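Residue numbers (this note's numbering): 5 to 300.
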């Protein structure tokens, strides 16, 4: 996993190619979603936009901690990615191991600084989430469902972090959103394992698809997406949110049902990964829509 193994390839790539490779390494749509989840947590508690400082620091914490997790995933998964994702920046040599570690360090430190500016509790929270994310990338991923649960917890924590940054840890709605995020991401992680069976088998990972078969794992994944749909209506039924929110909950759930069924019928790993990406985009659109309606 040394820099030497990667640096001999494409050492003379242009600045534009290098920037594109780093962009692909970070996969910014996911860190952006992390930052947006933090702000959403703040809005849920405050019922309005946070101050500019708290909002920006919260968003940057979510973005940089999530980015560090995404980048280190490629570092620890380099051998598996040679099979599953040979065109990724690290495996293709467009980004060297040294460059990856520098990016990880800078993102991690920046995330800790922005969290610390919000208070000691948020700094501790950010460090715990970072440790869990790195531990997952390093070792917990090999333990299948345990690793999936750790990722789900990390994603859910962005909502809780947002609530904590504005003193709202006792807010019931913030915990419902945390549970929704956990269930959705757990379903996504299991589905992703079903698409990465060849590489996971090489690293002897004990994932659900390898233990019980791809289709059985996808059934569990889809069941979690349907559980997500059922729980998503609790805030409206309980009166925590007004019926206006049905305008975004219902279309989101229809899209999730459609994509879930399409995921189950997917024939290739690339097709499945594309559908999983669409599911994440749908959830991100929902969160953005929720924020817009909440502040109007």
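Where is the CB? At the ideal position from N, CA and C, for every residue including glycine. Note that the structure is predicted; figures quoted are calculated from it, not measured.
*asked:* Below 8 Å on the Cβ atoms is my contact criterion, and I expect residue 196 with residue 221 to pass it. Report the Cβ-Cβ distance as a whole number of Å.
replied: Numbered from its first residue, the chain shown carries residue 196 at position 192. Numbered from its first residue, the chain shown carries residue 221 at position 217. Contact flag wrong, Cβ pair sits at about 10 Å.
*Within its chain, find whatever has a CB closer than 7 Å to the CB of residue 74; leave out the 5 residues flanking it on each side and keep chain order.*
In the chain shown, the residue the question calls residue 74 occupies position 70. Excluding sequence neighbours, residue 74 sits near 30, 31, 34 and 35.
*asked:* Using C-beta distances below 7 Å, list every residue in its chain close to residue 151, excluding the 5 sequence neighbours before and after it, in chain order.
replied: Here residue 151 corresponds to residue number 147 of the chain shown, with the count starting at 1. A distance below 7 Å between beta-carbons, with the five flanking residues on each side excluded, links residue 151 to the following residues of its chain, in chain order: 140, 144 and 145.
_Neighbourhood of residue 277 by C-beta distance below 8 Å, restricted to the same chain and skipping five residues each side_ = Your numbering for residue 277 matches position 273 in the chain shown. Within the same chain, residue 277 has close Cβ partners 196 and 199.
*In angstroms, rounded to a whole number, what distance separates the CA positions of residue 105 and residue 295?*
As a first step, residue 105 is located in the chain shown; it is residue number 101 there, counting from the start. As a first step, residue 295 is located in the chain shown; it is residue number 291 there, counting from the start. Rounded to whole angstroms, the gap between the alpha carbons of residue 105 and residue 295 is 34 Å.
*Is residue 172 near residue 87, with beta carbons less than 8 Å apart?*
Residue numbering aside, residue 172 sits at position 168 when the chain shown is read from its first letter. Residue numbering aside, residue 87 sits at position 83 when the chain shown is read from its first letter. Contact annotation: residue 172 and residue 87 have beta-carbon atoms that are not nearer than 8 Å.
_Alpha carbon of residue 272 to alpha carbon of residue 187, nearest angstrom_ = Taking the chain shown and counting its residues from 1, one reaches residue 272 at position 268. Taking the chain shown and counting its residues from 1, one reaches residue 187 at position 183. Near 24 Å, if we compare the C-alpha coordinates of residue 187 and residue 272.
*Just to confirm, are residue 168 and residue 183 a CB contact at a threshold of 8 Å?*
By one-based count along the chain shown, residue 168 stands at place 164. By one-based count along the chain shown, residue 183 stands at place 179. The answer is no: Cβ separation not under 8 Å.
*Could you give the C-beta distance for residue 257 and residue 236, rounded to a whole number, given that I count them as a contact under 8 Å?*
By 1-based counting over the chain shown, the position of residue 257 is 253. By 1-based counting over the chain shown, the position of residue 236 is 232. Indeed, because the Cβ distance is near 6 Å, the residues count as touching under 8 Å.
_Using the three-state DSSP reduction, which class does residue 328 fall into: helix, strand or coil?_
Residue 328 falls outside the range modelled here, since the chain spans only 5 to 300, and no answer is possible.
*Can you list, in chain order, the stretches of the alpha helix (DSSP H) that have 4 or more residues and sit fully within the region 65 to 96?*
Those alpha helix (DSSP H) runs which fall completely within the region 65 to 96 and span 4+ residues are 82 to 88 and 93 to 96.
*What's the gap between the Cα of residue 51 and the Cα of residue 17?*
Here residue 51 refers to the residue found at position 47 when the chain shown is read from its first residue. Here residue 17 refers to the residue found at position 13 when the chain shown is read from its first residue. Using only the alpha carbons, I get a separation of about 48 Å.
*Can you give the Cα-Cα distance for residue 115 and residue 71, rounded to whole angstroms?*
Within the chain shown, residue 115 is the residue found at index 111, counting from 1. Within the chain shown, residue 71 is the residue found at index 67, counting from 1. Cα to Cα, residue 115 sits roughly 9 Å from residue 71.
*Applying the criterion that 16 or more other CB atoms from any shown protein chain within 10 Å of the CB defines a buried residue, is residue 245 buried or exposed?*
For the purposes of this step, residue 245 is identified with residue 241 of the chain shown, where counting begins at 1. Result: buried.
_Other residues of its chain near residue 5: CB distance less than 7 Å, five sequence neighbours each side excluded_ = Sequence index remark: in the chain shown, residue 5 carries index 1 (1-based). Since pLDDT at residue 5 reaches only 46, below the 50 mark, its modelled position is unreliable, and no value is offered.
*Is residue 242 helix, strand or coil by DSSP?*
Counted from its first residue, the chain shown places residue 242 at position 238. Assignment of residue 242 by DSSP, reduced to helix, strand and coil, places it in the coil class.
_Burial state of residue 130, where buried means 16 or more other Cβ atoms lie within 10 Å_ = The residue you call residue 130 lines up with position 126 of the chain shown. The Cβ neighbour count for residue 130, taken over all protein chains shown within 10 Å, is at least 16; the residue is labelled buried.
_Which of helix, strand or coil DSSP assigns to residue 13_ = Here residue 13 refers to the residue found at position 9 when the chain shown is read from its first residue. At residue 13, the pLDDT of 43 sits below 50, so the modelled position is not reliable and the matter cannot be decided from this model.
_Beta-carbon gap between residue 155 and residue 69 smaller than 8 Å_ = Here residue 155 corresponds to residue number 151 of the chain shown, with the count starting at 1. Here residue 69 corresponds to residue number 65 of the chain shown, with the count starting at 1. Pairing residue 155 with residue 69 gives a Cβ-Cβ distance that is not under 8 Å.
*Using the rule of at least 16 other Cβ atoms within 10 Å of the residue's Cβ for burial, across every protein chain shown, is residue 241 buried or exposed?*
Position 237 of the chain shown holds residue 241. Label assigned to residue 241: exposed.
*Under 7 Å from any heavy atom of the ligand FMN, does the C-beta of residue 58 make it?*
No copy of the ligand FMN appears in this structure; indeed no ligand is present at all.
*asked:* If you reduce the DSSP assignment to three classes, tell me which class residue 175 lands in.
replied: For the purposes of this step, residue 175 is taken as residue 171 along the chain shown, with counting starting at 1. The answer is coil: DSSP assigns residue 175 none of H, G, I, E or B.
*By the 10 Å Cβ neighbour count, where 16 or more other Cβ atoms means buried, how is residue 98 classified, buried or exposed?*
Locating residue 98 in the chain shown gives position 94, counting from the first residue. By the neighbour-count criterion, in which a residue is buried when 16 or more other Cβ atoms sit within 10 angstroms of its Cβ, residue 98 is buried.
*When you compare only the Cα positions, how much space is there between residue 177 and residue 21?*
Looking up residue 177 in the chain shown gives position 173. Looking up residue 21 in the chain shown gives position 17. Rounded to the nearest angstrom, the two C-alpha atoms are 44 Å apart.
*asked:* Nearest by alpha-carbon distance to residue 212: which of 163, 147 and 41 is it?
replied: Mapped onto the chain shown, residue 212 falls at position 208. Of the candidates 163, 147 and 41, the one whose C-alpha sits nearest the C-alpha of residue 212 is 147.
*residue 280 to residue 67, Cα distance in whole Å?*
Residue 280 sits at position 276 when you count from the first residue of the chain shown. Residue 67 sits at position 63 when you count from the first residue of the chain shown. A direct Cα-to-Cα measurement between residue 280 and residue 67 gives close to 20 Å.
*Identify every run of the alpha helix (DSSP H) within the region 204 to 265, keeping only runs that are complete inside it and at least 4 residues long; order them along the chain.*
If one requires a minimum length of 4 residues, the alpha helix (DSSP H) runs lying completely within the region 204 to 265 are 212 to 216, 218 to 236 and 238 to 241, in chain order.
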